[in-house]
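Mapping to full-length UniProt numbering: the sequence shown position 136 is 136, numbers consecutive. Glycine residues also receive a C-beta, built at the ideal position from the N, C-alpha and C atoms. Keep in mind that this is a model prediction, so the values were computed, not measured. Beneath this line is the structure, given in structure tokens, with notes to follow.
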Amino acid sequence: MYLDLSIRKIGILTFIFFVLLWGVFLTFDVKDRRYGSTPPFASVGLAFQEVSLRAWYALESGMWRTSQTASAAFAFLAGWPTESHSSRNARAIPTLTYHRIVGSQNDLNNVTVANFKDQMLTLKRSGWESITLKEYREFIAGERDLPEKSFLITFDDGAKESFYPVDPLFEVLGYEGVLYVIASAMYTLESTYYLSPVEIQRLLDTGRWEIGSHSYDGHQPYPTDREGNGGIFFADKLWREKEARLETDEEFTVRVREDLVHARSTLETAYDRSVDTFAFPLGNETGIEGASNFSEGAAITEDQAERVYSLGFLQTTPHRYSFNYPAESSFIAYRIHVDHDWDGKRLLQEMENGIPKDLPFEDDFSTDRGWLPAWGELDLGKNNLSLTADGDASSASVFLDGSKLWQSYSFNAAMNWQSGSVFLLADVVNSKTYHSCAFSDGIVRLQSTVDGETKILGEKRDSSISHGNDIRIGIRVRGSVIECLWDYRSILEAYERPRTGGIGIQVWNPELGTAALTVSDILVQPF
Numbered sequence: 001m002y003l004d005l006s007i008r009k010i011g012i013l014t015f016i017f018f019v020l021l022w023g024v025f026l027t028f029d030v031k032d033r034r035y036g037s038t039p040p041f042a043s044v045g046l047a048f049q050e051v052s053l054r055a056w057y058a059l060e061s062g063m064w065r066t067s068q069t070a071s072a073a074f075a076f077l078a079g080w081p082t083e084s085h086s087s088r089n090a091r092a093i094p095t096l097t098y099h100r101i102v103g104s105q106n107d108l109n110n111v112t113v114a115n116f117k118d119q120m121l122t123l124k125r126s127g128w129e130s131i132t133l134k135e136y137r138e139f140i141a142g143e144r145d146l147p148e149k150s151f152l153i154t155f156d157d158g159a160k161e162s163f164y165p166v167d168p169l170f171e172v173l174g175y176e177g178v179l180y181v182i183a184s185a186m187y188t189l190e191s192t193y194y195l196s197p198v199e200i201q202r203l204l205d206t207g208r209w210e211i212g213s214h215s216y217d218g219h220q221p222y223p224t225d226r227e228g229n230g231g232i233f234f235a236d237k238l239w240r241e242k243e244a245r246l247e248t249d250e251e252f253t254v255r256v257r258e259d260l261v262h263a264r265s266t267l268e269t270a271y272d273r274s275v276d277t278f279a280f281p282l283g284n285e286t287g288i289e290g291a292s293n294f295s296e297g298a299a300i301t302e303d304q305a306e307r308v309y310s311l312g313f314l315q316t317t318p319h320r321y322s323f324n325y326p327a328e329s330s331f332i333a334y335r336i337h338v339d340h341d342w343d344g345k346r347l348l349q350e351m352e353n354g355i356p357k358d359l360p361f362e363d364d365f366s367t368d369r370g371w372l373p374a375w376g377e378l379d380l381g382k383n384n385l386s387l388t389a390d391g392d393a394s395s396a397s398v399f400l401d402g403s404k405l406w407q408s409y410s411f412n413a414a415m416n417w418q419s420g421s422v423f424l425l426a427d428v429v430n431s432k433t434y435h436s437c438a439f440s441d442g443i444v445r446l447q448s449t450v451d452g453e454t455k456i457l458g459e460k461r462d463s464s465i466s467h468g469n470d471i472r473i474g475i476r477v478r479g480s481v482i483e484c485l486w487d488y489r490s491i492l493e494a495y496e497r498p499r500t501g502g503i504g505i506q507v508w509n510p511e512l513g514t515a516a517l518t519v520s521d522i523l524v525q526p527f
């Protein structure tokens with residue numbers, strides 16, 4: 001054996017070396033241009049997922065279209081009804097929020113690829129179409145009409161798993177999404193979690209995506225006391241170690257505003273486009289849930305956010321309707337958080353239950369028509385609505401999603417009422433603002449509740465009012481008049497009513513955990 005150092009051999013080896021070197025260079029060049037600072041091993045996995053999903057969805061989409069065409073043709077020839085899509089204009093718009101779309105379920109915040117695909121396909125087949133932020137804002141401002149089944153899709157955090165498993169499906173379905181980015185996180189070197197700036201640019205270049213702000217660095221816990229216990233950046237006062245004290249109100253406000261401004265300017269500079277919407281981190285009813293040391297913090301954050309952005313998203317809560325209405329034209333909008341275990345059928349039910357309902361409306365509770373438990377336990381089994389208080393509570397309350405736009409109507413309910421007091425609600429703006437007729441043994445009160453504070457508008461004693469197995473009570477509203485009805489008979493009226501809204505039911509008993517009510521049917525008629 002000997003070493004061949006001939007010119008020809010050396011030339012061939014040199015050529016092979018440079019070809020391999022050029023291949024490596026091209027590989028890393030492609031990686032850098034498509035995946036930024038993402039580690040090579042993760043880039044390979046993302047590339048495989050992206051390519052395989054695009055190929056698979058493209059193949060499936062052909063089969064879906066063929067199947068739909070064949071099914072529609074067969075149904076037509078057989079005289080069967082085909083699925084029809086609403087031609088009405090929207091009166092309210094839902095917004096969905098997701099975090100990551102994952103391969104397998106690993107926590108309660110994320111939806112699997114299989115469930116997400118089922119959800120999007122189910123919505124598409126049922127006539128739901130996604131919209132852009134511009135379309136959403138113009139609708140809320142009363143400047144644009146949209147089809148009834150229009151919705152906005154958002155994803156929080158700016159994670160890789162919000163884009164790579166999603167975009168291939170969006171491409172096939174013609175859907176669009178909004179990604180809310182933690183501005184500092186996108187600069188995390190070699191991150192396998194967050195999208196890099198290069199990836200976000202590629203996302204924007206598809207034309208299917210927009211971005212918004214999810215803070216600059218306000219998504220992780222910060223110390224709120226000398227022991228280092230963590231608090232919420234946008235709701236708690238933080239601990240200043242050098243001075244051994246909490247922030248002042250002014251220092252809290254300045255810190256929050258600086259983060260909001262810095263996040264917007266960072267994203268706008270990086271991507272040369274306006275970024276004027278904000279998704280509150282950990283956003284719940286008060287803006288931020290779980291604050292421990294500063295009760296005014298969430299309100300200050302909302303105020304400061306409104307000074308920086310044109311639109312702010314919170315998560316919807318059991319205390320309000322699930323859709324956003326033009327009449328609510330304000331800075332705050334609400335999103336439906338898609339639960340990890342919802343399949344397409346469940347998401348479709350949630351969406352269609354929130355569509356504004358028409359009068360007359362009748363419900364025998366054979367199916368879920370959109371009753372939302374504000375508090376307490378709700379059971380819609382056995383063709384009735386069963387409402388019970390939690391063990392440590394004295395009351396329970398529900399209201400009907402999609403009834404917000406109702407104005408003049410008579411609401412009657414048949415029920416089994418055995419103890420305590422029962423309330424029929426009308427003009428429900430949310431679970432804390434409404435009018436009500438409160439029935440107790442021998443007495444009825446007509447009440448107005450605003451932000452949880454109740455005043456009595458009138459009351460009347462009537463011996464015919466009593467517990468029973470099959471009673472029918474009602475509330476009627478029109479103009480400035482509110483009436484309470486017992487067995488279809490008006491027994492009390494009052495004058496107030498500057499607001500309008502939907503319907504609800506409550507039950508109350510002073511003994512904790514005992515309040516209970518069963519409603520067999522309701523009827524709401526225009527009046």
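- A direct Cα-Cα distance of roughly 7 Å separates D441 from H467.
- Counting every other CB atom within 10 Å of its CB across the protein chains shown gives N353 a total of 16 or more, marking it as buried.
- Per DSSP, reduced to three states, the secondary structure at T122 is helical.
- Taking the Cβ atoms as the reference, Y216 lies roughly 5 Å from S184, within the contact range of under 8 Å.
- Burial of E302 is indicated by the presence of at least 16 other C-beta atoms within 10 angstroms of its C-beta.
- About 14 Å separates the Cβ atoms of I522 and N416, ruling out a contact at the 8 Å cut-off.
- K160 carries a helical assignment under DSSP once its states are collapsed to helix, strand and coil.
- The three-state reading of DSSP puts T253 in helix, counting H, G and I together.
- Take P39, set aside five residues on each side of it, and the residues of its chain with a beta-carbon closer than 8 Å to its own are E190, T192, in chain order.
- For E453, the uninterrupted beta strand (DSSP E) segment begins and ends at 453 to 461.
- Residues of the same chain with a CB within less than 8 Å of the CB of V444, apart from the 5 flanking positions on each side, are C437, A438, E459, K460, D462, I465, C484, W486, I491, L492 in chain order.
- Counted as a single uninterrupted DSSP element, the alpha helix (DSSP H) harbouring G297 occupies residues 297 to 308.
- Going by C-alpha positions, E50 is about 19 Å away from V178.
- Here A114 is actually not in contact with F323; their C-beta atoms are around 27 Å apart, not less than 8 Å.
- Rounded to whole angstroms, the separation of the alpha carbons of V338 and S295 is 28 Å.
- Within the stretch 387 to 450, complete beta strand (DSSP E) segments of at least 3 residues are found at 395 to 400, 409 to 417, 421 to 430, 433 to 440, 443 to 450, given in chain order.
- For V338, the secondary structure class from DSSP, reduced to helix, strand or coil, is coil.
- About 6 Å separates the Cβ atoms of L46 and Y35, confirming a contact at the 8 Å cut-off.
- Within the stretch 177 to 241, complete alpha helix (DSSP H) segments of at least 4 residues are found at 197 to 205, given in chain order.
- Just so you know, the alpha carbons of P326 and L311 end up roughly 13 Å apart.
- Distance between E268 and R137, taken at the CA atoms: about 19 Å.
- Per DSSP, reduced to three states, the secondary structure at S43 is helical.
- The continuous beta strand (DSSP E) containing Q525 extends over residues 516 to 526.
- Between the alpha carbons of A279 and F313 lies a gap of roughly 5 Å.
- Beta-carbon to beta-carbon, S130 and E176 are separated by about 5 Å, close enough to satisfy the 8 Å threshold.
- Secondary structure of T154 (DSSP, three-state): strand.
- A straight-line Cα-Cα distance of about 15 Å links I456 and V481.
- With respect to Y194, M186 sits close: the two C-beta atoms are nearer than 8 Å.
- Relative to F234, the option among E227, Y98, D249 whose CA is nearest is D249.
- Close CB contacts of D379 within its chain, under the 6 Å cut and outside five residues either way in sequence, are with S386 (chain order).
- Contact annotation: the stretch 252 to 263 touches the stretch 207 to 221, with at least three C-beta pairs closer than 8 Å.
- Between H340 and N109, the C-beta spacing is below 8 Å.
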